[in-house]
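Using the numbering used here, you'd call the opening residue of the sequence shown number 1 and step up by one each time. Every residue, glycine too, gets a C-beta built ideally from N, C-alpha and C. The structure displayed is predicted, hence computed values, not measured ones. Step one of this worksheet: look at the structure below.
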Amino acid sequence: MKLNRFQKILLWLIGISLSLSLILNVVSVTTPFSEISRQGYNVFSMLKYSLIDYPVTTVTDFFTSFSRLWQVRQENDLLRTQVDQIASLQGQLAEAERQIEELKQIADLKTIVSDYDLIPSTVLSRTQEAWNNLLTIDVGSADGVGLNYAVITPKGLVGKVTKVNEHTSTVKLITAEDGLNKVSVKIEIGEGKSVDAILVKYDSNEQAFVMQLLTSGATVTEEMRVVTSGMGGVFPSGLLVGTVSKVEELSNAVGMNIYVRPAADFQSFNYVCVVRRQGASQ
1 MKLNRFQKIL LWLIGISLSL SLILNVVSVT TPFSEISRQG YNVFSMLKYS LIDYPVTTVT
61 DFFTSFSRLW QVRQENDLLR TQVDQIASLQ GQLAEAERQI EELKQIADLK TIVSDYDLIP
121 STVLSRTQEA WNNLLTIDVG SADGVGLNYA VITPKGLVGK VTKVNEHTST VKLITAEDGL
181 NKVSVKIEIG EGKSVDAILV KYDSNEQAFV MQLLTSGATV TEEMRVVTSG MGGVFPSGLL
241 VGTVSKVEEL SNAVGMNIYV RPAADFQSFN YVCVVRRQGA SQ
């Protein structure tokens, strides 16, 4: 490769600097310097530092800093990934803790409800299209489940069995809005006193059941408990449905609409119990 004039001069200066530096290093060890020699040595030392040592040190420092910067970036990427994983694991842990608590409540429910046989089960599927209507559970006729058996969570009534297979069953929720899911209930209006009523439908806007009294003249107020009455032979008596959330007088001044806030959380449950009367055939 042919060198231009500047490159030739630069190489010539570098060669001279290296040669003089080597000679001065040898001389500095073998003989004392005079003042003039020392000044000449300093000049060439500065030239050597400017042309060789400083550029080499600068380049070396640059690559060292770049290497450290790259290492820091890799460490930051790793830490960012770990933080994302921690957030995901925290979500999974929270869901696991919620399910464990739900299972504990199911176990406690089996102890509290002694008048019925409870068949614990897990929700297998619940489609978005039929979220308020149907779900499938993992117990069936082989487990003692029958048609029209009530289905509850630890918080309250959620539905009844409408289809039974050997190992699975379909549950119709009482939040279904088809108008065919009436439930006979009673309102606890005082110590040992109650009035009969019926859940007519579920109002998704109010997120409450609409209930009508079967007994006239009763005074119903908010926060009164509503439980199944056992009338009609579908749902056993005494299963908690919810509490009165609003009382609304009808426009014709005859009767009233009573809204009942569900006791069960219909948006979030993974485990239920099928209620079977003791002694019922399997």
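- Between the alpha carbons of Pro262 and Thr243 lies a gap of roughly 7 Å.
- Under the three-state reduction of DSSP output, Arg73 falls in the helix class.
- In the structure shown, Ser204 adopts coil according to DSSP, grouped into three states.
- Between the segment 188–196 and the segment 219–226, the count of C-beta pairs closer than 8 Å reaches three or more; the two stretches touch.
- For Val234, there is no enclosing beta strand (DSSP E), as DSSP marks it with neither H nor E.
- For Leu134, DSSP records a beta bridge to Lys172.
- With a beta-carbon spacing of about 5 Å, Ser169 and Gly140 fall inside the 8 Å limit used to define contacts.
- With a contact defined as Cβ atoms closer than 8 Å, Val220 and Ile258 qualify at about 6 Å.
- In the DSSP annotation of this structure, the continuous segment of the beta strand (DSSP E) that includes Pro120 starts and ends at 116–125.
- Our two residues, Tyr116 and Arg276, have alpha carbons roughly 6 Å apart in a direct line.
- Residue burial annotation: Leu79 is exposed, with fewer than 16 other C-beta atoms found within 10 angstroms of its C-beta.
- Following the DSSP letters along the chain, one finds Gly144 in no beta strand (DSSP E), marked with neither H nor E.
- Residue environment: Thr127 is assigned as exposed (fewer than 16 neighbouring CB atoms within 10 Å of its CB, all protein chains considered).
- Its chain contains Gly140, Ser141, Val145, Gly146, Leu147 as the residues whose beta carbon lies nearer than 7 Å to that of Val164, once the 5 sequence neighbours on both sides are disregarded; these appear in chain order.
- Restricting attention to Asn205, Val123, Asn76, the CA atom closest to the CA of Val151 is found in Val123.
- Bridge partners of Leu199 according to DSSP: Val183, Met211.
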